[in-house]
Amino acid sequence: MRDTDPSSTSTAQVSQELTIYVRAGDDNDAPHRGTLQIGDWSVPCAVGRSGVVAPALKREGDGATPAGRFPLRYGFYEPDAFDDAVMAGLAFPFKPKPDSYAWIEDPESPDYNRMRALQDGEQPQARAAELFDLFVPLGWNDAVPVAAGGSAIFLHAARADMSGTAGCVAVARDQLMNLATRLRPGMVIDISSAAVAAQPLKSDETIETVTFHGLQPGPRVIVTGGVHGNEVCGPRAITRMIAELRSAQRKIRSGSVTFVPVVNGLAFRHDRREGDRNLNRSLREYPVPLANEDRVANVLCPLLRAHDVLIDLHSFASKGPPFALFGPEEGTDLEPRVNRKTEAALIQAIGLPFAVYGWMPAHLRSLNRQGRSDEIGVAIGTTEYMRHSGGAAITVECGEHKDPASVSIAYSVIVDCLTALGVIEGAPRQGSKSTRILRITDAVLAESDDDRLIANFTTGQEVKEGEIIGLRANGDPITAAHDGAIIFASGKIRAGTEMCFLCRAEPEV
Numbered sequence: 003m004r005d006t007d008p009s010s011t012s013t014a015q016v017s018q019e020l021t022i023y024v025r026a027g028d029d030n031d032a033p034h035r036g037t038l039q040i041g042d043w044s045v046p047c048a049v050g051r052s053g054v055v056a057p058a059l060k061r062e063g064d065g066a067t068p069a070g071r072f073p074l075r076y077g078f079y080e081p082d083a084f085d086d087a088v089m090a091g092l093a094f095p096f097k098p099k100p101d102s103y104a105w106i107e108d109p110e111s112p113d114y115n116r117m118r119a120l121q122d123g124e125q126p127q128a129r130a131a132e133l134f135d136l137f138v139p140l141g142w143n144d145a146v147p148v149a150a151g152g153s154a155i156f157l158h159a160a161r162a163d164m165s166g167t168a169g170c171v172a173v174a175r176d177q178l179m180n181l182a183t184r185l186r187p188g189m190v191i192d193i194s195s196a197a198v199a200a201q202p203l204k205s206d207e208t209i210e211t212v213t214f215h216g217l218q219p220g221p222r223v224i225v226t227g228g229v230h231g232n233e234v235c236g237p238r239a240i241t242r243m244i245a246e247l248r249s250a251q252r253k254i255r256s257g258s259v260t261f262v263p264v265v266n267g268l269a270f271r272h273d274r275r276e277g278d279r280n281l282n283r284s285l286r287e288y289p290v291p292l293a294n295e296d297r298v299a300n301v302l303c304p305l306l307r308a309h310d311v312l313i314d315l316h317s318f319a320s321k322g323p324p325f326a327l328f329g330p331e332e333g334t335d336l337e338p339r340v341n342r343k344t345e346a347a348l349i350q351a352i353g354l355p356f357a358v359y360g361w362m363p364a365h366l367r368s369l370n371r372q373g374r375s376d377e378i379g380v381a382i383g384t385t386e387y388m389r390h391s392g393g394a395a396i397t398v399e400c401g402e403h404k405d406p407a408s409v410s411i412a413y414s415v416i417v418d419c420l421t422a423l424g425v426i427e428g429a430p431r432q433g434s435k436s437t438r439i440l441r442i443t444d445a446v447l448a449e450s451d452d453d454r455l456i457a458n459f460t461t462g463q464e465v466k467e468g469e470i471i472g473l474r475a476n477g478d479p480i481t482a483a484h485d486g487a488i489i490f491a492s493g494k495i496r497a498g499t500e501m502c503f504l505c506r507a508e509p510e511v
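If you read the sequence shown in our numbering, its first letter stands for residue 3, the second for the next number, and so on.
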């Protein structure tokens, strides 16, 4: 916890009596557990199930509570639960809840993060009503709401088990009136956690890097997050690791590690996969940069070349277990430089259910069938570029985009890899002995925007030879060429992009 003593927090503009302090995040296994304090009064509280995150990392639906200082302007109460006369006598302005209202959480709505009356035929939101018998909106993302930047952040009653919220701050129901009587006009709420001390820079035009050097020789490692802007597990896990290294909870033993919490700032700010195009395709330096990702690549490529090992953290849209991607066993004309020994050691160290290789050959086969083999450069992303530069690299797909567990997976991957490489202190964790190895055999490319998969395939889902997995726009079937598994099944299909990848089981590394 960065600051558990309110007296040590700067309150130049607002006196301590007008500040509510919320501190959470001491327990990494239960990041929602915290304490709410007003003056000498202190009670347990619950924050978002994903814990407290830096404001730049907050996303709609992520189950996280934004850190910062936010105004409390007014509150609402349920007249059937609280006496009107009692509520009218409080110092803080409370109003009776409207009979029918909606707090708009749809980022596409012009009323996003606004309270308004229900419209004809509109159904009430599916919230546990008793938790909102008394609630106070926090002044988060409300002056000029940023779409998908987070909405409906309240102070309200917690569930009986004090479980994590969707992003609000909650206290036990029997403490609601104790809280309400202590609220004053002009109050602010100050929310923080230890990890937020390492929050990444929020900028479209700057890429922030944080480097730690050991005094003993060792590998130069780079850990990247936010290559795709809608994948937040990497930035959050990296933020936590930076905080732990700065506070000496973990120590560098040898070599160095450079963290890049958010590679693609423009995409990240808009909570979308890309800014102008996919950064993880056609990665190279651009003498005449035309797009956001061209400019990012011109910074990222020299960074990669300056290191020996890359750990690139991602997440995916489809359901399924986390997995990793690594490089070929031996050099070829397509991929002349390999470092399979280091990459295989990292795969064993992180111990995920399965790992995949064969990215470049699969793309080449698909392009050959279309007479486009000269376009193979499109398949070059961060790890392919790193290997071409002589380094080792793995991509780790840590789980579903908005699954809080993906952040824990990403954090464990950082720890396991840095420990296995000898960069941080600690004994290497015994990785899984049953990591399933898959080789990508085909990238199934869309020929039309109207091509489609016939099912929502989970990552690693097995298929049989001849099984229909999709349909072309003209109705022709797309079939599995052999027994195997599907990864990266896409729900958004555009002509020339990958619909999914077909893999074949291989011996363990």
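Idealized CB from N, CA, C, for every residue including glycine.
Just so we're clear, the structure is a prediction, and the values are computed from it rather than from any experiment.
Classified as buried, A412 has 16 or more neighbouring CB atoms from the shown chains inside 10 Å of its CB.
One Cα belongs to E276, the other to N266, and the distance between them is close to 8 Å. Counting only the Cα atoms, T241 lies some 39 Å from A93. L181 is positioned such that its CB atom lies no closer than 9 Å to that of L281. Contact between P221 and D310 is confirmed by a C-beta separation of about 5 Å, below the 8 Å threshold. Per the DSSP secondary-structure output, E399 pairs in a beta bridge with H316, F325.
Separation of A58 and F261 (C-alpha to C-alpha, rounded to the nearest whole angstrom) is 17 Å.
Boundaries cannot be given for F490, as no alpha helix (DSSP H) includes it and DSSP labels it neither H nor E. Under DSSP, P363 takes part in no beta bridge, so it has no partner. Remark: fewer than three beta-carbon pairs, one from each stretch, lie closer than 8 Å, so the region 463-480 and the region 380-391 are not flagged as touching.
Beta-bridge partners of E464 (DSSP): A487. No Cβ-Cβ contact shorter than 9 Å links L157 with P73. In this model, G360 and C502 are separated by some 14 Å (Cα to Cα).
Between P219 and E210, the C-beta gap is not smaller than 9 Å, which leaves the two residues out of contact.
Between D296 and the set K343, G65, V229, F137, the nearest pair of CA atoms involves V229. In the structure shown, E500 falls within a strand segment according to DSSP collapsed to helix, strand and coil. Listed in chain order, the non-local C-beta contacts of A174 below 8 Å within the same chain comprise V45, P46, A159, A160, M164, local neighbours out to five positions each way being set aside. Ranking S153, A422, F96 by CA distance to the CA of A104 puts S153 first.
Secondary structure at T421: helix, using DSSP grouped into helix, strand and coil. Nearest C-alpha to V380 among I396, L348, E508, A445: A445.
Taken atom to atom, the span from the alpha-carbon of L327 to that of I396 is near 6 Å. When the Cα atoms are used, V301 and I495 turn out to be separated by approximately 30 Å. In chain order, A394 place their CB closer than 6 Å to the CB of N341, counting only its own chain and leaving out the 5 sequence neighbours on each side.
Measuring C-alpha to C-alpha distances from V358 to each of R283, R25, P324, L420 identifies P324 as the nearest. Following the DSSP letters along the chain, one finds I240 inside the alpha helix (DSSP H) bounded by residues 235-248. A straight line joining the alpha-carbon of G231 with that of E62 spans about 13 Å. By the neighbour-count definition (other C-beta atoms within 10 Å, threshold 16), W142 is a buried residue. The beta-bridge partner set that DSSP reports for E276 is empty. Minimum Cα-Cα distance from D86 among the listed residues I106, D418, K99 corresponds to K99. For A90, the enclosing alpha helix (DSSP H) starts and ends at 86-90. Short of 7 Å from the beta carbon of K97, and not among the five residues preceding or following it, lie these beta carbons of its own chain, in chain order: Y76, F78.
Look at the region 130-198 and you find these whole runs of alpha helix (DSSP H), each 4 residues long or longer: 178-184. By the neighbour-count criterion, in which a residue is buried when 16 or more other Cβ atoms sit within 10 angstroms of its Cβ, K60 is buried.
Around the CB of V88, fewer than 16 other CB atoms lie within 10 Å, so the residue is classed as exposed.
Here DSSP, grouped into helix, strand and coil, assigns R454 to strand.
Within the model, the alpha-carbon separation for L185 versus E110 is close to 34 Å.
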